[in-house]
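So the structure is just underneath, and the comments pick up after that.
Residue numbers (the working numbering): 2 to 286.
If you want it as structure tokens, here you go:
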């Protein structure tokens, strides 16, 4: 593990950075002179992402872990702390997943919920000590989805009436509610922002299989490329003063854009925040 010593440039962690939006974000940040810890599950794909960037003002360094389990989340957090002992300025929680059949992780959570929410929350909490910022508050950027609007609350095994789309929607709803709650909890310590990329043309739908694969094929002509949301995330990460903590930012949207009423319900947010900490084995805040 390469260690960043006396780093004069800002440092970012981008999860799910080996394709699509995450890859574009990592390259954009390095192009702006940042040092970027590039996360992926497969070492060869991480290496390919770094090599494909070519010569950039910043640096791209590899971190590898599977975020489907809390053990994998812990491995990634340890790698980040070892690589960036002087601190991290921005954490971009971009990694996400969808699956074509129901399954539980070893932690007892439905797999979509595990990757799209529990891993996000676990990594964010684990990296809190090294989210130090550089002359301003550090930023945590959660990549969300407008599909959360069609979700309904459910227990986290999603054992009743599971569908691929329903699991994905629910995971994004829960993570967005958590994002708003975390923004309040960490007010004055970090800026927490949600970025909705909109409909994006990446390999995500193809890898997910099931109905999402069909949606990706039929909707491809109408979807934006990953560069557009990457620029929105870059602006959220680097612009000063930028958006206030707790903002919901829609890529390519003009004017105000809000998430679902349920995601913005304070009682639901508190319930999600409490349940998240319980699943992570953390004391109630």
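Note that the Cβ used here is the ideal one computed from N, Cα and C, for glycine as well.
Would residue i be called buried (16 or more neighbouring beta carbons within 10 Å of its own) or exposed?
{"i": "residue 112", "result": "buried"}
{"i": "residue 235", "result": "buried"}
{"i": "residue 145", "result": "buried"}
{"i": "residue 223", "result": "Its pLDDT being 48, under 50, residue 223 is placed unreliably by the model, and the measurement read from it follows with that caveat. Exposed."}
{"i": "residue 1", "result": "The structure shown has nothing for residue 1, since the chain only spans 2 to 286."}
{"i": "residue 268", "result": "exposed"}
{"i": "residue 233", "result": "buried"}
{"i": "residue 58", "result": "exposed"}
{"i": "residue 198", "result": "buried"}
Rounded to whole angstroms, how far is the Cβ of residue i from the Cβ of residue j, which I believe are closer than 8 angstroms?
{"i": "residue 27", "j": "residue 39", "result": "5 angstroms"}
{"i": "residue 122", "j": "residue 179", "result": "6 angstroms"}
{"i": "residue 61", "j": "residue 89", "result": "Actually they do not touch by this definition, with Cβ atoms about 15 angstroms apart."}
{"i": "residue 68", "j": "residue 15", "result": "Actually they do not touch by this definition, with Cβ atoms about 13 angstroms apart."}
{"i": "residue 242", "j": "residue 22", "result": "Incorrect: roughly 24 angstroms between the Cβ atoms, too far for contact."}
{"i": "residue 231", "j": "residue 29", "result": "5 angstroms"}
{"i": "residue 31", "j": "residue 54", "result": "6 angstroms"}
Measuring alpha carbon to alpha carbon, tell me which residue in the options is nearest residue i.
{"i": "residue 169", "options": "65, 29 and 147", "result": "147"}
{"i": "residue 100", "options": "163, 80, 182 and 262", "result": "163"}
{"i": "residue 161", "options": "142, 274, 173 and 104", "result": "104"}
{"i": "residue 252", "options": "95, 196 and 25", "result": "196"}
{"i": "residue 139", "options": "228, 281, 244 and 230", "result": "244"}
{"i": "residue 281", "options": "199, 30 and 70", "result": "70"}
{"i": "residue 120", "options": "72, 165, 86 and 268", "result": "72"}
{"i": "residue 283", "options": "57, 126 and 52", "result": "126"}
{"i": "residue 158", "options": "110, 136 and 249", "result": "110"}
{"i": "residue 108", "options": "74, 176 and 286", "result": "74"}
Where residue i and residue j are concerned, what is the direct C-alpha to C-alpha distance, given to the nearest angstrom?
{"i": "residue 34", "j": "residue 11", "result": "8 angstroms"}
{"i": "residue 92", "j": "residue 124", "result": "9 angstroms"}
{"i": "residue 150", "j": "residue 247", "result": "18 angstroms"}
{"i": "residue 18", "j": "residue 277", "result": "24 angstroms"}
{"i": "residue 153", "j": "residue 9", "result": "45 angstroms"}
{"i": "residue 279", "j": "residue 272", "result": "11 angstroms"}
{"i": "residue 44", "j": "residue 80", "result": "14 angstroms"}
{"i": "residue 259", "j": "residue 194", "result": "13 angstroms"}
{"i": "residue 63", "j": "residue 47", "result": "6 angstroms"}
{"i": "residue 171", "j": "residue 142", "result": "19 angstroms"}
{"i": "residue 41", "j": "residue 114", "result": "18 angstroms"}
{"i": "residue 131", "j": "residue 262", "result": "33 angstroms"}
{"i": "residue 181", "j": "residue 133", "result": "20 angstroms"}
{"i": "residue 240", "j": "residue 192", "result": "12 angstroms"}
{"i": "residue 188", "j": "residue 87", "result": "22 angstroms"}
{"i": "residue 83", "j": "residue 77", "result": "10 angstroms"}
{"i": "residue 95", "j": "residue 52", "result": "20 angstroms"}
From the DSSP output, read off the bridge partner residues of residue i.
{"i": "residue 94", "result": "143"}
{"i": "residue 10", "result": "Paired residue(s): none; residue 10 is not in a bridge."}
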